[in-house]
Amino acid sequence: MQTTQGTGHFKCEKCKDTGYIIKAQFHAQPLMTPCSCLEIENVKRLWKNSGINPENLEKTFSNFEEWSRTSKKMKFIATEYYMSFDEIRSNRKNSIILCGNSGSGKTHIALALANNFLKNNIKVVYMPYRDVITSLKQNILDKEYYKKTLSKYQTCEILLIDDLYKGKVNETDINIMFELINYRYFNHLPVIVSSEFTVERLLNFDEAIGSRIYEMTKDFIVEIQGTENNYRLR
1 MQTTQGTGHF KCEKCKDTGY IIKAQFHAQP LMTPCSCLEI ENVKRLWKNS
51 GINPENLEKT FSNFEEWSRT SKKMKFIATE YYMSFDEIRS NRKNSIILCG
101 NSGSGKTHIA LALANNFLKN NIKVVYMPYR DVITSLKQNI LDKEYYKKTL
151 SKYQTCEILL IDDLYKGKVN ETDINIMFEL INYRYFNHLP VIVSSEFTVE
201 RLLNFDEAIG SRIYEMTKDF IVEIQGTENN YRLR
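In terms of UniProt numbering, the sequence shown opens at residue 1 and continues consecutively.
What follows is the structure in structure tokens.
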């Protein structure tokens with residue numbers, strides 16, 4: 001970690017960019033603990049491993065093109081969610097879902113949200129649904145790997161699930177997602193969800209998962225329907 005060149009300031013004033021905080025102890029050796037900024041760097045590495053570089057993330061609110069009434073509404077609700085997050089983060093309704101038509105900018109807005117949170121030292125773990133589910137299923141008999149990997153997504157500060165239920169979905173997929181969503185639901189841990197499934201379709205597809213997602217995102221739901229909201233078809 002490096003200091004800001006020529007300014008005499010640090011990127012992290014808490015640890016002076018060392019990654020660790022040293023706490024004096026009475027009649028004992030000083031205690032060295034990891035700084036929260038080090039955890040953020042670890043999260044950013046996870047993003048890079050998923051093919052996204054948060055340092056150069058191009059998806060922002062400012063460069064999101066509002067081409068329809070629905071796209072304007074999506075940006076507005078996402079911005080409201082971000083601005084309200086400190087107040088609602090421990091509440092039941094502390095999450096947001098962007099769902100419906102493909103090509104509507106859902107992933108752009110979801111990544112813009114995540115990028116803003118990361119810049120404010122709020123840890124967001126990116127979960128490309130299809131890739132993660134496939135990896136978990138392939139290693140389901142490796143209990144240590146399965147538990148460790150699933151726990152990463154269950155316990156993170158904010159989880160971004162991109163393209164929920166993309167591709168063919170079977171019973172194992174649903175069981176894994178229930179483990180994940182149920183844990184976050186009962187521990188009041190927020191999620192950012194993008195999916196081509198509408199809320200009604202999520203509820204009909206699997207009521208246990210869908211109802212939990214609905215309850216968590218109830219105050220911040222964006223549903224996009226109609227080909228006029230597909231920017232690729234303009």
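All C-beta atoms, glycine included, are put in the ideal place defined by N, C-alpha and C. Treat the numbers as computed from the prediction; the structure is a model and nothing was measured.
query = Can you name, in chain order, every residue of its own chain whose Cβ lies under 6 angstroms from the Cβ of F61, other than the five neighbours on each side?
reply = Walking along the sequence shown from the start, residue 61 turns up at place 61. Excluding residues within five positions, the ones whose Cβ falls inside 6 angstroms are A112.
inquiry  = When you compare the CB of I174 with every CB in chain D, is at least one pair closer than 8 angstroms?
reply    = Among the protein chains of the structure shown there is no chain D, as only one such chain exists.
task = Determine the direct distance from the alpha carbon of E157 to that of K123, and round the result to whole angstroms.
result = Numbered from its first residue, the sequence shown carries residue 123 at position 123. Numbered from its first residue, the sequence shown carries residue 157 at position 157. Their backbone Cα atoms lie some 6 angstroms apart in a straight line.
message = Once the 5 residues before and after P30 are set aside, which same chain residues still bring their CB inside 8 angstroms of it?
response = Taking the first residue of the sequence shown as 1, we reach residue 30 at position 30. Excluding residues within five positions, the ones whose Cβ falls inside 8 angstroms are I22, K23 and A24.
query = How many Å lie between F76 and G103 at the Cα?
reply = Within the sequence shown, numbered from 1, the residue matching residue 76 stands at position 76. Within the sequence shown, numbered from 1, the residue matching residue 103 stands at position 103. Going by the C-alpha atoms only, they are around 18 angstroms apart.
query = Ordered along the chain, which non-local residues of its own chain (more than five positions away) have a Cβ less than 6 angstroms from that of L203?
reply = Taking the first residue of the sequence shown as position 1, residue 203 is located at position 203. So the list reads G210, once near-sequence residues are dropped.
message = Could you pull the DSSP bridge partners for A28 from this structure?
response = Here residue 28 is taken as the residue at index 28 of the sequence shown, counted from 1. Per DSSP, Q25.
key: Close-in-space but distant-in-sequence residues of the same chain around T7 (CB under 8 angstroms, 5 per side omitted)   = Translated into positions along the sequence shown, residue 7 becomes position 7. Residue placement at T7 is flagged as unreliable, the pLDDT there being 47, under the threshold of 50; a coordinate-derived value is accordingly withheld.
inquiry  = Taking the alpha helix (DSSP H) that I181 belongs to, which residues open and close that run?
reply    = As a working mapping, residue 181 is identified with position 181 in the sequence shown. Note, I181: alpha helix (DSSP H), E171 to F186.
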